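Heads up: the structure comes next, in structure tokens.
Protein chains: 2
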Amino acid sequence: MRMTSHDHQLHEGDALTAAARDRLTREGEQWTEMRAAVFDALASFDKPASAYDVAEAVSKAQGRRVAANSVYRILDLFVGANLARRVESANAYIANQHPDCLHDCIFLICDTCGQTVHIDDDSLSGGVRAAAKSAGFTAPRPVIEVRGTCGDCENH
Amino acid sequence: MRMTSHDHQLHEGDALTAAARDRLTREGEQWTEMRAAVFDALASFDKPASAYDVAEAVSKAQGRRVAANSVYRILDLFVGANLARRVESANAYIANQHPDCLHDCIFLICDTCGQTVHIDDDSLSGGVRAAAKSAGFTAPRPVIEVRGTCGDCENH
DNA sequence: CCCGGCAATGTTATGTTGTATCTTTGGCGA
DNA sequence: TCGCCAAAGATACAACATAACATTGCCGGG
Chain H
1078 MRMTSHDHQL HEGDALTAAA RDRLTREGEQ WTEMRAAVFD ALASFDKPAS AYDVAEAVSK
1138 AQGRRVAANS VYRILDLFVG ANLARRVESA NAYIANQHPD CLHDCIFLIC DTCGQTVHID
1198 DDSLSGGVRA AAKSAGFTAP RPVIEVRGTC GDCENH
Chain R
1078 MRMTSHDHQL HEGDALTAAA RDRLTREGEQ WTEMRAAVFD ALASFDKPAS AYDVAEAVSK
1138 AQGRRVAANS VYRILDLFVG ANLARRVESA NAYIANQHPD CLHDCIFLIC DTCGQTVHID
1198 DDSLSGGVRA AAKSAGFTAP RPVIEVRGTC GDCENH
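Line by line, the protein sequences give chains H and R.
When the first sequence is numbered by my numbering, its final residue is 1233 and no position is left out of the sequence of numbers.
When the second sequence is numbered by my numbering, its final residue is 1233 and no position is left out of the sequence of numbers.
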């Protein structure tokens, strides 16, 4: 089921990488080999990956040791540019499938298998933003995640 | 402004400690000196405290070194018994002002000063739960937090 | 051409958060 | 008294994150 209320360009594989590159360059940032490698590594995971997971994947792909802090720098950049999201309750990161589209998003994370699905529901996130605003908070950045058990794990 | 839709018994000081003790014992758990010390330490903070912060506060209060893992055990117990909440986006814990009352709660955390306000809005959290349920997730535990700037920090 | 500046990345070290494992203590009932 | 068990202590380590400084390579002004 699609939870979004409008049409997205959902990318995958090369198209996703291309969309990410375009987005980042439009931000005035460089699309370097290292950044491409980090993005590919991140996108290759089917669930949120820690910075260290990504560092290991990049190291393997490059045949050399890549330090965690380089990966952190790039992941932070990606999060800032909407190429990736941080899953706060998992201390992990996940590639954004539609980097061109700005959303507060909601993650559903299975405590059993780690699978994470991403939904956009602007009315929910808007409500959270509104609650924050009415409490005097500015520049709100909602963090909406749900821990639970996914359908697959529930059915053994 | 009160965001709750019903009346709470909001506790503080000794009354809060007493409410916490009652709640925990009704769960069939013991209210030990150590647990009381951890709860008092946690409640004495005016913003979310890391387990290590709490360990340090307890150590000072007891005049002896208390190890972090003991504090973690007790904080986990508290979270399970609704005496405390974990603030996922801050890797920290905060005492629950009304341990008798079960809510999905929403935290607003100031990125500048760390002040955290806690609101209950069952319609928002209900919407998040409903979204999770319709995606096939069971036993949902919403994590709803907002990072931003509080009114005080906004006005310099 | 070369050299000064700058962004990106590398290197190393360290700080912070969270668990695992095993031991010790103390209460309590058989 | 003995054996059990929950609680807490001690120690070690794993996992996550950042700090500080060095190196590389590109690019524009002289």
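Don't be surprised by glycine CBs; every beta carbon is placed ideally from N, CA and C.
Being a predicted model, the structure only gives us computed values, none of them experimental.
Query raised in the report: Three or more C-beta pairs closer than 8 angstroms, one from the region 1199-1217 of chain H and one from the region 1155-1169 of chain H: is that the case here?
Result: no
Requested in this report: Measure the C-alpha to C-alpha separation of Phe-1116 of chain R and Asn-1159 of chain R and round it to an integer number of angstroms.
Outcome: 12 angstroms
**Report entry** Whole-angstrom distance between Asp-1099 of chain R and Arg-1112 of chain R, CA atom to CA atom
**Finding:** 13 angstroms
Query - Cβ pair Leu-1201 of chain R, Ala-1161 of chain R closer than 8 angstroms - result: no
Report task. Please list the residues of the region 1203-1226 of chain R that have a C-beta atom closer than 7 angstroms to any C-beta atom in chain H, keeping them in chain order. Result -> Gly-1204, Val-1205, Ala-1208, Ala-1209, Ala-1212, Gly-1213, Phe-1214, Thr-1215, Ala-1216, Pro-1217, Arg-1218, Pro-1219, Val-1220, Ile-1221, Glu-1222, Val-1223, Arg-1224, Gly-1225, Thr-1226
Report task. Give me the Cα-Cα distance between Val-1143 of chain H and Gly-1225 of chain R, rounded to the nearest whole angstrom. Result -> 33 angstroms
Requested in this report: Work out the CA separation of Cys-1190 of chain R and Asp-1091 of chain R for me, nearest whole Å.
Outcome: 27 angstroms
Query - Interface flag, His-1133 of chain R vs chain H, CB-CB below 8 angstroms - result: Position check: residue 1133 of chain R holds Glu in this sequence, whereas His was assumed. No - not a single Cβ of chain H is within 8 angstroms of the one on Glu-1133 of chain R.
Report task. Report the rounded CA-to-CA distance for Tyr-1129 of chain H versus Ile-1171 of chain H, giving the unit in angstroms. Result -> 13 angstroms
Requested in this report: Go to Cys-1187 of chain R, then tell me how far its beta strand (DSSP E) extends in each direction, as first and last residue.
Outcome: 1183-1187
Requested in this report: Give the residues from the region 1181-1205 of chain R that approach chain H closer than 7 angstroms (Cβ to any Cβ), ordered along the chain.
Outcome: Ile-1183, Leu-1185, Val-1194, Ile-1196, Asp-1198, Leu-1201, Gly-1204, Val-1205
**Report entry** Continuous alpha helix (DSSP H) stretch holding Ala-1138 of chain R: start and end
**Finding:** 1128-1139
Requested in this report: List the residues of chain R whose Cβ lies closer than 7 angstroms to the Cβ of Glu-1110 of chain H, in chain order.
Outcome: Ordered by position in chain R, no residue passes the 7 angstroms Cβ test against Glu-1110 of chain H, which lies about 32 angstroms from the chain.
**Report entry** Contacts around Trp-1108 of chain R, its chain only, beta-carbon distance under 7 angstroms, and the 5 residues preceding and following it disregarded
**Finding:** Arg-1098, Leu-1101, Thr-1102
Report task. Have a look at the DSSP bridge pairing and note the partners of Thr-1193 of chain H. Result -> H:Ile-1186
Report task. Please decide whether Ser-1235 of chain R counts as near chain H, where near means a Cβ-Cβ distance under 8 angstroms. Result -> Chain R is shown only over 1078 to 1233; residue 1235 of chain R falls outside these bounds and no answer can be derived.
Query - Bridge partners - Pro-1219 of chain H, DSSP secondary structure assignment - result: R:Val-1223
**Report entry** Interface positions of the region 1150-1175 of chain R facing chain H (Cβ-Cβ less than 7 angstroms), listed along the chain
**Finding:** Glu-1165, Ser-1166
Query raised in the report: By DSSP, does Val-1143 of chain H sit in helix, in strand, or in coil?
Result: coil
Report task. Report yes if the CB atom of Ile-1186 of chain R is closer than 8 angstroms to the CB atom of Asp-1198 of chain R, and no otherwise. Result -> no
**Report entry** Inter-residue Cα distance where the pair is Pro-1219 of chain H and Ile-1196 of chain H
**Finding:** 14 angstroms
Query raised in the report: Under 8 angstroms between the Cβ atoms of Cys-1287 of chain H and Gln-1192 of chain H?
Result: Shown here, chain H extends from 1078 to 1233; a query on residue 1287 of chain H therefore has no answer.
Query - Closer than 8 angstroms to chain R by CB, Glu-1106 of chain H - result: no
Requested in this report: Flag Gly-1228 of chain R as yes if its beta-carbon sits less than 8 angstroms from any beta-carbon of chain H, otherwise no.
Outcome: yes
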